[in-house]
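Residue numbers (full-length UniProt numbering), protein chains in the order written: chain Y, 1 to 501; chain F, 1 to 159. Ideal Cβ positions, reconstructed from N, Cα and C, are used throughout, including at glycine. No experiment lies behind these values; they were computed from the predicted model shown. What follows is a single structure, written as structure tokens, with notes after it.
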Amino acid sequence: MSQLVPLPVVVPLLGAALTLLLDRWPRVQRTVSVVALGANLVVALVLLTWAYRHGPVVTQVGGWPAPVGIVLVADQLAALMLVVSSAVTLCVLLYSIGQGRGETSESAPVSIYHPTYLVLTAGITNAFLAGDLFNLFVGFEILLAASFVLITLGGTEARIRTGSTYVVVGVLSSMIFLTAVGLVYAATGTLNLAQLASRLDALPPGVRLGLQLMLLLAFGVKAAVFPVSAWLPDSYPTAPAPVTAVFAGLLTKVGVYAIIRTETLLFPGGEVAGLLMVVAGLTMLVGVLGAVAQSDLKRLFSFTLVSHIGYMIFGVALSTTAALSGAIFYVVHHITIQTTLFLVAGLVEERAGSTDLRKLGGLARVAPLLAVLFFVPAMNLAGIPPFSGFLGKLGLLQAGVAVGGGLAWVLVVAGTVTSLLTLYAASRVWNIAFWRAPQLATDEPVIRLPSLMVGATAALVVLGLTLTVAAGPLFRVTADAAADLRERTPYVRAVLPGGTP
Amino acid sequence: MTRSGAGPTLVLVLAVGVFAATGVMLLLERSLTRILLGVILLGNGVNLLILLAGRSGEAPLVDGVDGGRMSDPLSQAMVLTAIVITFGLTAFLAAVAYRSWYLTGDDEVQDDLEDRQVVQLAARNEVANRDLGGEGPGDDPEQVDPGPARRRLRRATEQ
């Protein structure tokens with residue numbers, strides 16, 4: 001089984017190399033990427049079932065044993081993230097292929113799109129599977145470098161303007177992360193996460209807190225947590241729709257995943273729980289207030305993206321099993337829903353010629369299917385029962401109430417207010433773009449949306465609904481993963497079977 | 001960190017500080033070229049820091065050097081990786097700066113346009129866009145106006 005673990009990293013990388021060579025044959029190129037990501041999904045599903053039944057799957061890269069060599073670890077959390085990310089990347093890839101085929105699309109597929117997209121996937125999976133801090137850094141760098149290329153794709157003036165902010169912020173956060181890696185190594189003499197778990201416990205509390213804050217800052221920038229989130233809404237909206245969608249769904253969640261991993265495995269004491277709660281509450285409120293003020297669909301969704309990161313941080317801050325379980329469920333839900341909404345924004349742009357709310361109107365009458373595709377995930381995001389957004393928020397708020405205390409209650413209230421304001425922002429989009437008198441940015445005759453684009457979006461909407469229907473079993477998996485995270489021993493024992501050296 | 005080998009580490013510590021300080025200073029500028037230089041300096045500072053994290057000493061060769069006096073090879077390997085990554089990112093940033101200069105005539109990072117619009121609206125105390133709870137009955141085509149959509153749209157904008 002452990003031979004399967006490197007595949008989610010290796011297959012996309014090989015696919016990237018192949019597609020780079022095959023850039024003259026677009027049809028073959030597309031087939032290779034779809035096959036590679038499809039294979040990823042299958043491998044991820046196998047890994048998740050195995051990790052759920054038998055515990056973490058570990059592979060030692062190059063055959064070097066654990067504390068010296070590099071390990072890739074697929075425990076339940078990592079495997080679950082792999083499954084969701086593979087499903088989402090596959091759908092977005094199909095969407096972008098559909099967009100490339102459409103007659104009206106202004107962004108014709110560039111031949112480097114497929115290789116870069118596959119490298120991005122490899123970076124994401126590598127970050128999920130990494131068993132030591134430096135490998136996590138390398139995973140981040142792979143996905144960052146690929147995302148730099150994707151966000152400036154085509155090199156138009158708008159994309160360079162917003163892309164330069166994104167690139168500088170990305171580079172800076174990597175520098176902070178790298179500094180933290182160096183300091184952790186200086187303090188403990190190891191970077192293997194399982195070994196760090198015990199060695200960090202032995203450090204003086206001040207040093208430990210310093211290292212923790214440094215890592216949190218680095219991951220916080222990547223996850224777009226409030227004081228360091230301003231880069232996101234400025235840089236995401238100008239990229240091509242599928243690129244924005246996959247960034248919004250996955251890149252911030254890789255940061256959240258890293259926060260969950262470090263806070264549970266490396267620094268489980270909860271010293272910064274208060275700080276994390278304050279930050280989580282501010283992220284929720286500031287993000288959603290930003291969303292209310294926006295008049296562009298993509299920017300509005302970027303702000304809701306920032307806002308809902310707060311829920312996950314809230315779950316991490318509470319750090320009970322129920323809260324972590326809720327946070328993991330919320331990550332899964334939010335990856336799916338946020339990606340769907342950005343894909344819908346892309347469809348709106350394709351159909352109506354703009355995502356500017358001032359120029360939109362009456363889409364519900366003109367394109368009823370599009371309206372349904374928007375309405376379902378938007379209500380899901382706002383947390384209307386019975387959708388998965390409601391279930392995830394309910395789980396987190398219940399965990400908050402169970403913990404009790406003043407700050408937790410403030411956060412519960414903030415979470416409820418954020419949910420209501422999200423509903424307000426979503427219904428505002430619905431009223432303006434879909435419900436009012438028809439008003440389209442383009443005077444051109446009706447454009448038929450490519451069926452592959454609509455199909456891929458519909459598939460993601462269905463995936464979001466499946467999360468609702470299958471919430472019971474999914475909550476069982478996330479609760480199990482959360483229990484493992486809290487316990488720490490399953491992970492450490494799987495990586496270092498001979499005991500910690 | 002033990003000081004079994006040669007190498008005055010205080011100089012390195014000072015170098016890390018100077019690199020980081022100048023790097024951050026340049027990062028705060030608006031011109032991409034200066035930011036690029038800042039990234040390079042900061043990157044070098046961080047790389048030196050990682051080198052400092054390992055033990056200094058003699059060359060880490062398996063034969064000939066006593067294990068106790070060897071320098072730490074792992075931090076050197078990490079620095080090598082980090083240098084390659086910083087190099088790649090720097091090259092990309094240089095390309096972005098060039099492209100920005102090519103398109104706009106200078107390489108300054110500009111404010112976001114939408115941000116500015118939102119600020120202006122807030123200064124005039126206006127809402128982002130018309131959202132007065134839907135249209136009156138006269139505006140709703142479903143209820144009143146059976147005319148063709150295009151003409152209705154134009155009339156609405158003329159009013």
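Segment limits, beta strand (DSSP E) that includes residue i
{"i": "Y/T59", "result": "V57 to Q60"}
{"i": "residue 504 of chain Y", "result": "In the structure as shown, chain Y starts at 1 and stops at 501, and residue 504 of chain Y therefore has no counterpart that could be examined."}
Buried/exposed call for residue i, threshold 16 Cβ in 10 Å
{"i": "F/G105", "result": "exposed"}
{"i": "F/Y102", "result": "exposed"}
{"i": "Y/W409", "result": "exposed"}
{"i": "F/F19", "result": "buried"}
{"i": "Y/R24", "result": "exposed"}
{"i": "F/Q120", "result": "exposed"}
{"i": "Y/V495", "result": "buried"}
{"i": "Y/W64", "result": "exposed"}
{"i": "Y/M81", "result": "buried"}
{"i": "F/E126", "result": "exposed"}
{"i": "F/D66", "result": "exposed"}
{"i": "Y/S105", "result": "A caution first: Y/S105 carries a pLDDT of 44, below 50, which makes its placement in the model too unreliable to give a value."}
{"i": "Y/S451", "result": "exposed"}
{"i": "Y/A245", "result": "buried"}
{"i": "Y/V348", "result": "buried"}
{"i": "Y/P204", "result": "exposed"}
{"i": "Y/V469", "result": "exposed"}
For residue i, the nearest candidate out of the options (CA to CA)
{"i": "Y/V88", "options": "Y/I337, Y/R199 and Y/V28", "result": "Y/I337"}
{"i": "Y/S86", "options": "Y/A367, Y/I335 and Y/F314", "result": "Y/I335"}
{"i": "Y/V376", "options": "Y/N40, Y/L463 and Y/P242", "result": "Y/L463"}
{"i": "Y/L266", "options": "Y/M277, Y/L193 and Y/F219", "result": "Y/L193"}
{"i": "Y/P473", "options": "Y/V492, Y/D296, Y/L48 and Y/P12", "result": "Y/L48"}
{"i": "Y/A79", "options": "Y/V278, Y/A230, Y/F128 and Y/S2", "result": "Y/F128"}
{"i": "F/T90", "options": "Y/G210, Y/M175, Y/R30 and Y/L381", "result": "Y/M175"}
{"i": "Y/V57", "options": "Y/P204, Y/S2, Y/T188 and Y/T121", "result": "Y/S2"}
{"i": "Y/S111", "options": "Y/A482, Y/L297, Y/L285 and Y/S33", "result": "Y/S33"}
{"i": "Y/V44", "options": "Y/N126, Y/G498 and Y/A258", "result": "The sequence as given places Ala at residue 44 of chain Y; Val does not occur at that position. When only C-alpha atoms are compared, the closest one is Y/N126."}
{"i": "Y/V169", "options": "Y/P233, Y/L396, Y/Q76 and Y/A437", "result": "Y/P233"}
{"i": "Y/A224", "options": "Y/P115, Y/L275, Y/A280 and Y/T188", "result": "Y/A280"}
{"i": "Y/L343", "options": "Y/V9, Y/F134, Y/G249 and Y/H114", "result": "Y/G249"}
Residue i - containing alpha helix (DSSP H), residue span
{"i": "F/A53", "result": "L32 to A53"}
{"i": "Y/A224", "result": "Run containing Y/A224: none; DSSP gives neither H nor E here."}
{"i": "Y/V331", "result": "T321 to A352"}
{"i": "Y/L463", "result": "S451 to V469"}
{"i": "F/Q117", "result": "L113 to A123"}
{"i": "residue 502 of chain Y", "result": "The shown model of chain Y, from 1 to 501, leaves out residue 502 of chain Y, and the question about it has no answer."}
{"i": "Y/N431", "result": "Counting along the chain, Y/N431 falls outside any alpha helix (DSSP H), and DSSP gives it neither H nor E."}
{"i": "Y/R299", "result": "L297 to L318"}
{"i": "Y/S388", "result": "S388 to V403"}
{"i": "Y/N192", "result": "Note, Y/N192: premise wrong, no alpha helix (DSSP H); not H, not E."}
{"i": "Y/D234", "result": "W231 to S235"}
Chain F contact for residue i (CB, 8 Å cutoff)
{"i": "Y/F134", "result": "yes"}
{"i": "Y/A293", "result": "yes"}
{"i": "Y/M175", "result": "yes"}
{"i": "Y/D296", "result": "yes"}
{"i": "Y/V42", "result": "no"}
{"i": "Y/Y117", "result": "no"}
{"i": "Y/T165", "result": "yes"}
{"i": "Y/G182", "result": "yes"}
{"i": "Y/E349", "result": "no"}
{"i": "Y/A263", "result": "Here residue 263 of chain Y is Glu; the residue named in the question, Ala, does not match the sequence. Output row for Y/E263: interface = no."}
{"i": "Y/L215", "result": "no"}
{"i": "Y/T104", "result": "In this prediction, Y/T104 scores a pLDDT of 42, lower than 50, which makes its location untrustworthy; no coordinate-derived value is stated."}
{"i": "Y/T244", "result": "no"}
Closer than 8 Å to chain Y by CB, residue i
{"i": "F/L10", "result": "no"}
{"i": "F/R34", "result": "no"}
{"i": "residue 161 of chain F", "result": "A question about residue 161 of chain F goes unanswered here, because the residues of chain F that appear run from 1 up to 159."}
{"i": "F/F92", "result": "yes"}
{"i": "F/E29", "result": "no"}
{"i": "F/I50", "result": "yes"}
{"i": "F/A21", "result": "no"}
{"i": "F/G136", "result": "Confidence is the limiting factor: at F/G136 the pLDDT is only 45, short of 50, which leaves the residue's position unreliable and the question unanswerable from this model."}
{"i": "F/S100", "result": "yes"}
{"i": "F/S75", "result": "yes"}
{"i": "F/I85", "result": "yes"}
**Report entry** Cβ-based contacts, 9 Å cut-off: residues of the stretch 145-163 of chain Y near chain F
**Finding:** A145, F148, V149, T152, G155, T156, E157, A158, I160, R161, T162 and G163
Query raised in the report: What residues from the stretch 225-236 of chain Y come within 7 Å of chain F, judged by C-beta to C-beta, listed N to C?
Result: Residues of the stretch 225-236 of chain Y with a C-beta less than 7 Å from any C-beta of chain F: D234, listed in chain order.
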